[in-house]
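The numbering of the sequence shown is the working numbering, which starts it at 9 and goes up by one. Contents: one structure, followed by commentary.
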Amino acid sequence: MNVSFSKSGAAKSGSALVISASGVDHAYDGAVMKAAAKSASFHGKAGDGFQTYVETGARVFMTGRGDKDIFDYEIAAATVAKSLRGSGETELMIHLEGTDATADDAARAALGARLAAYIWDKHKSKATKSKKPALQSITVVSDDPSAAKDAYENYYGPAGDGVVLARDLVNAPPNEIYPVAYAERIKGLADLGLEIEVLGEAEMNKLGMHALLGVGLGSERDSQLVIMKWNGGKAGDAPACLVGKGVTFDTGGISLKPGANMWDMKGDMGGSAAVVGTMCALATRKAKANVVGIVGLVENMPDGKAQLPGDIVVSMSGQTIEVQNTDAEGRLVLADALHYAVTKYKPAAMIDLATLTGAIIVALGSEYCGMFTPDDELAKQLTAAGDTSTDLPWRLPLSDKYDKLLNSPNADMKNIGGRAAGSITAAQFLKRFVGKDTPWAHLDIAGTGMVNGSKDPRNPTFGTGFGVRLLNRWIADNHEG
Ligand code: BES
Ligand code: MN
Ligand code: ZN
């Protein structure tokens with residue numbers, strides 16, 4: 009996508025989004041004002057809108073400005089870009105002159121349009137690819153284009169790159185993104201200046217990561233642990249650690265899932281995709297922070313060699329786990345990845361992301377992800393980063409009373425806590441592998457990382473890239489400068 013910013017201009021062809029008719033009227037010889045006056049239903053309120061063709065040949069979308077507190081330039085731009093999908097339109101000009109849009113709003117409008125125009129057609133053959141070209145260029149006209157360009161190039165553009173990468177990974181089929189192939193893909197990010205390290209099964213075996221390795225036992229495909237380092241901060245400063253669940257396909261294992269919609273489980277690596285996307289964003293914008301991203305990549309399959317319900321595994325931490333349900337596998341992967349992160353990197357703070365429980369979808373749908381943390385300060389930071397990034401977390405409780413539900417008569421713990429409070433017991437499980445000394449938060453993105461038929465105009469495909477903007481913001485606000 010070609011994104012540019014300018015101080016003036018009129019769409020000669022293609023489409024234009026107009027928010028203030030009086031602000032752009034000189035550019036269109038009064039045509040927009042005239043059309044607005046004629047349109048009986050247009051009163052400039054939020055939600056009001058109409059389309060008209062102007063003499064330059066452009067199609068103009070007029071969007072009501074309405075209430076200052078509710079109006080969002082990013083969503084307005086995304087809504088128009090969404091409506092252009094499949095239209096064959098290749099150019100969009102967004103007119104913000106004469107409005108109160110800040111440089112930040114202008115950059116976000118470009119990002120919103122870009123995310124709404126995202127397409128996933130890599131695997132459509134020539135015959136079934138849309139005959140019509142997709143949006144190729146976005147121009148934002150605003151009063152301070154150089155500040156807007158700055159905000160886009162140094163922040164929102166790289167964030168968008170990260171979101172797009174995360175979406176591509178989640179949308180990719182499981183015969184394309186399986187652990188080794190996924191690790192290879194991540195190695196390609198070394199071009200951005202990231203240091204990449206890959207641990208295979210032999211290395212993980214040596215480290216005693218039998219919780220993670222147990223999940224992959226039934227798979228023909230080797231499990232991988234990938235570490236991505238971005239050293240943009242002061243040498244020696246403790247890093248922030250981002251840890252992601254990367255189950256490249258979750259059949260449930262021997263505790264097999266029902267067949268209907270099982271294909272959704274290609275997205276069970278959404279947490280890892282958010283981490284990879286964030287590392288890409290941080291490296292692209294050369295963030296002044298030390299950040300380590302760690303993803304556990306495993307395929308969960310039923311097989312003669314697969315782990316069985318009732319198996320007891322010894323995690324890297326030494327704690328033993330009775331695997332009562334092989335479908336509660338994400339927490340087993342994260343148990344070792346989190347313990348590894350804490351002991352190896354002694355992070356200043358650590359956040360994990362995972363499509364961990366169906367229960368979080370029941371609780372929060374696709375609007376908020378679940379946030380679990382014993383640390384009030386971290387909760388505050390993430391809530392604030394959510395508000396500014398638009399990836400929203402909602403805090404849910406942790407408590408010893410929930411933790412007790414994991415006790416097992418046969419091992420140090422079992423990997424399921426029963427029907428009640430499923431997302432919380434999953435978080436309590438992770439907490440046992442983090443320990444007390446690391447500020448830590450767990451984000452359950454099962455409802456937000458993959459969404460079929462999202463109503464959000466910025467999310468046109470299954471993979472949303474949820475978490476990239478949140479983490480990128482959290483790093484910018486709390487670990488830089
Ligand atoms: N990957 C699933 C969670 C999930 C379900 C994500 C639906 C997205 C949509 C996870 O591994 C899982 O299977 N969790 C089980 C846990 C249960 C066995 C304790 C669940 O949520 O049912
Ligand atoms: Mn599962
Ligand atoms: Zn899973």
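Cβ atoms here follow ideal geometry from the backbone N, Cα and C, with glycine treated the same way. Just so we're clear, the structure is a prediction, and the values are computed from it rather than from any experiment.
In the three-state reduction of the DSSP assignment, Trp482 falls in the helix class. Taking all protein chains in view, the Cβ of Gly168 is crowded by 16 or more other Cβ atoms within 10 Å, so the residue is classified as buried. Any heavy atom of ligand 1 counts here; residues with a Cβ closer than 5 Å to one of them, in chain order, are Asp258, Asp276, Asn333, Asp335, Ala336, Gly338, Thr363, Thr365, Gly366, Ile424, Ala454. Judged by the Cβ position, Val255 qualifies as a neighbour of ligand 3 at the 7 Å threshold, a heavy atom of the ligand being closer than this. In this structure, Leu451 sits away from Ser397, with a CB-CB distance that is not shorter than 8 Å.
Within 10 angstroms of the beta-carbon of Gln144 lie fewer than 16 other beta-carbons, which makes it exposed.
One thing to note: Ala343 has its Cβ within 8 Å of the Cβ of Leu438. Scanning Leu290, Thr60, Lys294 for the CA closest to the CA of Val171 turns up Leu290.
Residue burial annotation: Ile185 is buried, with at least 16 other C-beta atoms found within 10 angstroms of its C-beta. The criterion of a C-beta distance shorter than 8 Å is satisfied by Ala86 and Ala124.
Residues of the same chain with a CB within less than 6 Å of the CB of Pro465, apart from the 5 flanking positions on each side, are Ala86, Thr87, Lys90, Ala124 in chain order. One alpha carbon belongs to Asp258, the other to Asp384, and they sit about 33 Å apart. Looking only at Arg73, Ala484, Ala114, the smallest Cα-Cα distance to Gly55 is reached by Arg73.
Separation of Lys294 and Phe441 (C-alpha to C-alpha, rounded to the nearest whole angstrom) is 31 Å.
Here Asn423 carries a coil assignment [DSSP, helix/strand/coil]. The C-alpha of Arg175 lies about 41 Å from the C-alpha of Gly38. Secondary structure note for Lys237: its beta strand (DSSP E) is the uninterrupted segment 232-239.
Of the candidates Ala84, Phe69, Gly96, Lys53, Lys53 places its Cα closest to the Cα of Asp75.
In the displayed model, Ile102 falls within a strand according to three-state DSSP. In its chain, beyond the 5 residues on either side, Tyr81, Glu82, Tyr164 have a beta carbon closer than 7 Å to the beta carbon of Arg116. Exclusion of the five residues before and after Ala454 leaves Thr363, Leu364, Thr365, Gly366, Ile368, Ile369 as the residues of its chain whose Cβ lies within less than 7 Å of its Cβ.
A direct Cα-to-Cα measurement between Thr469 and Lys130 gives close to 13 Å. Rounded to whole angstroms, the separation of the alpha carbons of Tyr190 and Gly196 is 10 Å. Contact annotation: Val283 and Leu250 have beta-carbon atoms nearer than 8 Å.
Within the segment 28-72, the complete alpha helix (DSSP H) segments of 4 residues or longer fall at 29-32, 39-46, listed in chain order. When DSSP states are grouped into helix, strand and coil, Asn298 belongs to the strand group.
Taken through DSSP and simplified to helix, strand or coil, His450 comes out as strand. The three-state reading of DSSP puts Ser227 in coil, since its state is none of H, G, I, E or B. Trp271 and Asn415 have their C-alpha atoms spaced approximately 33 Å apart.
Inter-segment contact for the segment 215-232 and the segment 328-348 is present: three or more beta-carbon pairs are separated by less than 8 Å. From the listed residues Lys214, Gln436, Arg481, the smallest Cα separation to Val322 is found for Lys214. DSSP places Pro382 in the coil class of the three-state scheme, outside both helix and strand. The alpha-carbon separation between Ala435 and Met421 amounts to approximately 14 Å. Asn467 and Gly373 have their C-alpha atoms roughly 15 Å apart. Across the structure, Thr381 and Tyr410 are spaced so that their CA atoms are roughly 14 Å apart.
Taken in chain order, the unbroken stretches of alpha helix (DSSP H) that lie wholly in the segment 304-359 and span 4 residues or more are 338-353.
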